[in-house]
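Asker: Going by the UniProt record's numbering, the first residue of the sequence shown is number 1, and it counts up by one from there. By construction, the Cβ of each residue, glycine as well, lies at the ideal position given by its N, Cα and C atoms. As the structure is a computational prediction, the values presented were derived from the model and not from experiment. I have a structure here, written as structure tokens, and I will follow up with some questions on it.
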Amino acid sequence: MHVFCQIYHLRRHQVKKNENLFDAIIYVTCTTRLGCSTQPHSLFPAPAAAAPFLGNTSIGTSEAMFLYNLTVSPTSAINQAIHGNFSGTKQQEIIVARNSRLELLRPDPNTGKTHTILTHEVFGLIRRIAPFRLTGGSKDYVVVGSDSGRIVILEYNPAKNVFDKVHQETYGKTGSRRIVPGQYLATDPKGRAVMIGALEKQRLVYILNRDSAARLTISSPLEAHKSHALIHDIVGLDVGFENPVFACLEVDYSEADQDPTGEAAKSAEKLLTYYELDLGLNHVVRKWSEPVHPRSNMLIPVPGGNDGPSGVLVCSENFITYKHQDMPEQRIPIPRRAQPLEDSSRGVIISTFALHKMKVNKQTQFFFLLQTEEGDIFKVTMEHAEGEVHGMTIKYFDTVPVASSLCILKSGFLFSASEAGNHHLYSFESLGDDPDDPEITSADFMEAEQAQDEIPLVYYTPRPLKNLLLVDELESMAPLMDAKVYNLADEESPRIYGLSGRGARSSMRILNQGLEAAELAVSELPGNPSAVWTTKLRQSNEYHAYIVVSFANATLVLSIGETVEEVTDTGLLTTAPTLAVQQLGEDAIIQVHPQGIRHIRADKRVNEWRTPGGQVITNAATNNRQVAIALSGGEIVYFELDNMEQLNEHQERKQMASNITCLSIGDVPEGRQRSRHLAVGCDDQTVRILSLDPDSCLESISMQAVQGVPSSLCIIELLDKGTERGHGTQYLNIGLSNGILMRTILDTITGQLSDTRTRFLGARSVQLFRITVQGRPAVLALSTKPWITYTFQNRLHLTPLSYDMLESGSDFVSEQCPEGVVAVAGNTLRIFTVEKLGEIFNQVAIPLKYTPRKFVLHPATKSFVVIETDHATYSPEQIKKGLAEKEKEGIEYDSSIMDLDPAQFGHIRNVAGKWASCIRLLDPFSGETLQLIELEDNEAAFSVAMVQFRTNVHTTQAGEQFVVVGTAKDVQLAPRSCSAGYLHVYKFGQNEEGRPQLELVHKTEVEDVPTALLGFQGRVLAGVGKALRLYDVGRKKLLRKSETRSIPNVVVSLHTQGDRIIMTDVQESMHYAVYIHTDNRILVFADDTTPRWTTASTMVDYDTVAGGDKFGNFFVNRLPTNISHDVDEDTTGSRIMHEKGYLQGAPNKVDNVCQYFLGDIITSLHRTTLLSGGREVLLVTTLLGSINIFVPFVSREDVEFFQMLEMHMRSEAPPLAGRDHLSYRSFYIPVKSVVDGDICEQYNSLPSDKKRMIAEELDRTVSEVQKKIEDMRVRSGF
């Protein structure tokens, strides 16, 4: 396979110490075969070598690589969600924290759809957010606690659609430290104060107020520290307008610190403590403290003042207690599922809650929704009078996936931010007031508690949703366990296949680049149409009346109503093809056909303009008041509607020097009589702008040469905050016959063209059509696949549409479809809508049974082998045995509880050390499971590999690949152990239906967990604990051929090229080894100086490895060239064996060439190309669901430009949460040789004056800087 790549060879001489690194680079562009021997340091056979990674440069023994990081798909997990009136209107919005991003979501109360209004990268880890509103205010602010060591208050600005930083106060060091506040945030319900706390010791209180100009002010911090105190939770109490009070759940460990036996730690008291802020003295005092249950984990504030009794609910294991100063406590149990296999010793705790207050008969009533760690929601109500609680009740409400946050909106929605998997928006069908639902009162429970020595257990039976109805879903890939990039369908761009989710809600996600299109209707037509239009009957109509479909020699007119059907009495000519249809003036329609123009009045009168003798109309452009046509021979005729609704031809015509291929007129601006410009495309590869002003009609204003023959033009005004002109920029889109789309700014006054951007869309000529997306104008560009140019969050986006190839398209608005697109493809008419704007990928989810761990591709059948494993979960075998034992004991149970859908209710929980695991053979095209193998006897799968054995007695087919699965039995996680490990070998066969299936060949026992497997020169490498072994296949089991125990802890992953093996350790970074054929030995010859807790890695080239660790660091290590040469030349390994170890490790050390903090755990790394003919990139996926790419720079100029731009952005656009950007990207190790593309792309969001200032510093224009930034993303495939 030929690959077009750029290889950078260096001067052979040693570069002087002060010589610029880039002066040593010689740029050579060549076409080479994958694995060609163009690397001067690669001495292994050519077929085993991979092509060098772009950006790889070597100078003597020193190496350099510069990368550009881009977030392709941001984190989809939600750490926390809050709701409030952030826009200052009555409509409630939701703000979610996604690791390092803040998002503003707005649910539509009419449709139930959730729209993303704003997304902002804060370049810091968001630990906690909280809303507050000043007394008497109508708008909510947001307090952000992060790793910046600063408290930040933000205000949403709806006019600019940005978060404005109102205040920023420094209080401590950066980083997520145990004694630096930021982990807990609590606000006074009246908006008078906020407490920010750390995990240990430190708490600070800030007083919030207004100045004389009604602006928010914040005081200096007041200390509320307590030494030797671990804090579990902090909430703000509702005390009306009395002094603000904050409740803390804390443990004093001062005695435990001095006790070496650990008994004091076990008996340490957990306290509920009130801290009061005296507003008169500006001082915080410890007001009240009382012991609570040692396993209390959460505080829930109770409404106070005129709304309720105040106080807190203390959530403990198995029960909930109401507590308040000088008040009797009330206690209710947390009901448990009536599950016959349940372990009654395992407690139930509350993980999150939501409070809702409402007015009933002019009195405030409230209730709580509390969710357990299994996903069950309970409704808690309180009986209170005159500030005293007389009782509490709890009843089962519904079951939803376990959430990190719950938000109840006044519009009748419940937003659930799931811990794993998709997030959900539910509407309330009822408030759970059904009298038939059983409920438990505090009086009954406390009586039973006094009568027994231990807390009585209360049971209930779960059921499907009754009080909630799912109305919308936000896709989330968190946790993203593994991912790979394949082009199985031979498409223009590959797809990303990822394993995501947890437990029964796990799935394989297939990510295809492009927006999702929801298809509403498909109907066949009597032939293959060439174009389609929709039109209204009157300008004031809300909906379209007709769909007009043009064929080669006829026109079909369809009416739009409850059904779409053909009509013949419209006045439109149906015996000829149509070139354009337009609603004209107030109530007329025009039809342009090759022989003339039909002007159809509302009363069905028709005026027709005929072409001069022998000529035909070849192209037409229209808007509501203007018509321009091109006649054969290159003549342009212009028409305009007068005040009497008459369509008048302009006296003069324009003769072009070459044939006209396309025309375009923009829409008439509001308050104007006409659009001022006509764009004309000619076959001499030019586009001209003609004036339509009466004084200079059809005079040429400007011209632009293009890279091919124009096939389509579209003048459209789009909102784009990124341009210097700000909002409402008029663009001329030019589609070329060679598949290139050009977008250039058309000056509305002068008609001059500027700032041209180009994008290759496909091999077919580009056709452009105006459509509407979310109420704003957009452009549909059709080539080998559809593309859409649209505005989202005030920024312009050009994104492919994940849909079939289309011929023509138009707007479609009807009562059933408020905003859609009608298009033709082949002989079909399609109606679809465009959804989920701003997304780079659309997803297809294939459900799985357990948490997926790894998967591999079988190339011959194009099917995936997926291993799934869950801890502390009942397997089908264990369920069967457990129920049989219950029946023997005579225990009765409701059998319906065993039939509950695991996707909603989860699998049955088991004790630690019990596993459920399976091996799945999956067809990624149909999403069908071809085979499911449940592992028995408490075995769990941990690794999988596809291996082609060199000599194999189990097959007669040359090159047949086998599946090797690493499993372990009775695995304990802490301390790590197992009773036995196994290597299963499967071959591919066929079942009775001829479909592929796995057949077990044999099973080999090993002494530890096989955590990594890899095919190696016709054998299999296995990382078994801290041993690396080489196995060959035998008749009854795998045969051990070689072994090394040079790995300090556990092998995580394996990679190989030639005889070189790269091993990564769970705690000690990566190790370079070589296989010595003559001695059948594996020798480790190099390792890393930094002890990295590696989670994922990939070989970039023969000497270079990229990896990620569990702390969120991305790094690239490279073996020095001279060491690589020496090792390859030492074929016997004698030199390596006798070399002395260095720094208690291998004799040689790798160099760190790139370092960058991503902020999330990397789960997979791939060197790949995401676009046909595009640039090679490193694609990175993370645990919280984000996808990033690292793009190598190809020139010295680009590196210097983006490094300077990044430096200016750090100073001119400091991060929103107060974190220093350089410090953030250097969280653990200083950032090295990586430019942050995310902060560079924020250049487009800066005010115009700052953009100009930075551009001048870079010796560029603003448009040149923006084009440079855009090119980096486009060339990498996005």
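1. With DSSP as the reference, label residue 656 as helix, strand or coil.
2. Specify, as a first and last residue, the run of the beta strand (DSSP E) that residue 364 falls within.
3. In the DSSP assignment, find the alpha helix (DSSP H) that holds residue 817 and state where it starts and stops.
4. Closer than 6 Å by C-beta to residue 813: which residues in its own chain qualify, once you throw out the five before and the five after it? Chain order, please.
5. Restricting to runs no shorter than 3 residues, where is the beta strand (DSSP E) found entirely within the region 685 to 720?
6. If I'm right that residue 841 touches residue 518 with Cβ under 8 Å, what's the distance once you round it to whole angstroms?
7. Give every residue of the same chain whose Cβ lies closer than 7 Å to the Cβ of residue 156, excluding the five residues on either side of it in the sequence, and list them in chain order.
8. What residues match up with residue 1093 in a beta bridge as DSSP calls it?
9. Would a C-beta distance cut-off of 9 Å place residue 199 and residue 208 closer than the cut-off?
10. Is residue 717 close to chain D? Criterion is C-beta to C-beta, closer than 9 Å.
11. Would you give the residue range spanned by the beta strand (DSSP E) that residue 1224 belongs to?
12. Below 8 Å on the Cβ atoms is my contact criterion, and I expect residue 94 with residue 415 to pass it. Report the Cβ-Cβ distance as a whole number of Å.
13. Can you list, in chain order, the residues of its chain with a C-beta nearer than 8 Å to that of residue 1073? Leave out the 5 residues immediately preceding and following it.
14. Are there 16 or more other CB atoms within 10 angstroms of the CB of residue 1221, so buried, or fewer, so exposed?
15. Which one or two residues does DSSP pair with residue 1209 in a beta bridge?
16. Return the residue from the list 618, 158, 267, 808 that minimises the CA-CA distance to residue 256.
17. Going by the DSSP bridge assignment, what does residue 1109 pair with across the sheet?
18. Restricting to Cα atoms, I'd like to know which of 883, 326, 998 is closest to residue 930.
19. Does DSSP classify residue 1261 as helix, strand or coil?
20. I believe residue 754 touches residue 711 by the beta-carbon criterion, under 8 Å. Please report the beta-carbon distance rounded to the nearest angstrom.
21. For residue 389, list the residues DSSP reports as bridge partners.
22. Take residue 1259 as the anchor and find which of 532, 987, 1202, 130 has the nearest alpha-carbon.
23. At what residues does the beta strand (DSSP E) containing residue 71 begin and finish?
24. Hey, how far is the Cα of residue 1253 from the Cα of residue 795?
25. Looking only at C-alpha atoms, which of 1004, 444, 685, 500 sits nearest to residue 843?
26. Sort 213, 210, 225 by Cα distance to residue 201 and report the nearest one.
27. Does the beta-carbon of residue 1279 have 16 or more other beta-carbons within 10 angstroms, so that it is buried, or is it exposed?
28. May I have the straight-line CA-CA distance separating residue 934 from residue 297, to the nearest angstrom?
29. Smallest Cα separation from residue 152: which of 112, 206, 1213?
30. Does DSSP classify residue 1273 as helix, strand or coil?
31. Determine the DSSP secondary structure at residue 1127, reduced to helix, strand or coil.
32. For residue 422, I'd like the list of residues in its chain whose CB is within less than 7 Å of its CB, leaving aside the five on either flank, ordered along the chain.
33. What whole-angstrom Cβ distance do residue 760 and residue 740 have, given they're in contact under 8 Å?
34. How would you call residue 1278, buried or exposed, if buried means at least 16 neighbouring beta carbons within 10 angstroms?
35. Beta carbon of residue 1190, beta carbon of residue 1199: below 9 Å?
36. Taking contact to mean 3 or more Cβ pairs, one atom from each stretch, closer than 8 Å, check whether the region 958 to 977 and the region 899 to 911 are in contact.
Answerer: Reading off the structure:
1. coil
2. That run of the beta strand (DSSP E) goes 363 to 372.
3. Residue 817 -> no alpha helix (DSSP H), and no H or E assigned at all.
4. 543, 544
5. 686 to 691, 700 to 705, 710 to 718
6. About 16 Å separates the two Cβ atoms, so there is no contact after all.
7. Excluding sequence neighbours, residue 156 sits near 86, 87, 104, 163.
8. In DSSP, residue 1093 forms no bridge with anything.
9. No, Cβ-Cβ distance for residue 199 and residue 208 is not below 9 Å.
10. The chain labelled as chain D is not found in the depicted structure, where only one protein chain is given.
11. Premise fails: residue 1224 lies in the alpha helix (DSSP H), 1221 to 1225, not in any beta strand (DSSP E).
12. 6 Å
13. Excluding sequence neighbours, residue 1073 sits near 1028, 1044, 1046, 1060, 1061, 1062, 1063, 1082, 1083, 1084, 1085.
14. Result: buried.
15. Residue 1209 is not bridged to any residue.
16. 267
17. 1094
18. Comparing alpha carbon positions, the residue from 883, 326, 998 closest to residue 930 is 998.
19. In the three-state reduction of the DSSP assignment, residue 1261 falls in the coil class, being assigned neither a helical nor a strand state.
20. At roughly 22 Å, the Cβ-Cβ gap does not stay under 8 Å, so residue 754 and residue 711 are not in contact.
21. Looking at the DSSP assignment, residue 389 forms a beta bridge with 384.
22. 1202
23. Residues 67 to 73.
24. 21 Å
25. 500
26. 225
27. As shown, the chain starts at 1 and ends at 1278. That puts residue 1279 outside it, with no answer to give.
28. Spanning the two alpha carbons is a distance of roughly 37 Å.
29. For the residues 112, 206, 1213, the minimum Cα distance to residue 152 belongs to 206.
30. helix
31. helix
32. Excluding sequence neighbours, residue 422 sits near 473, 474, 475, 476.
33. Correct: roughly 6 Å between the Cβ atoms.
34. By the Cβ neighbour-count rule, residue 1278 is buried, with 16 or more other Cβ atoms within 10 Å of its own.
35. Contact flag unset, no.
36. Flag = no, the region 958 to 977 and the region 899 to 911 do not touch.
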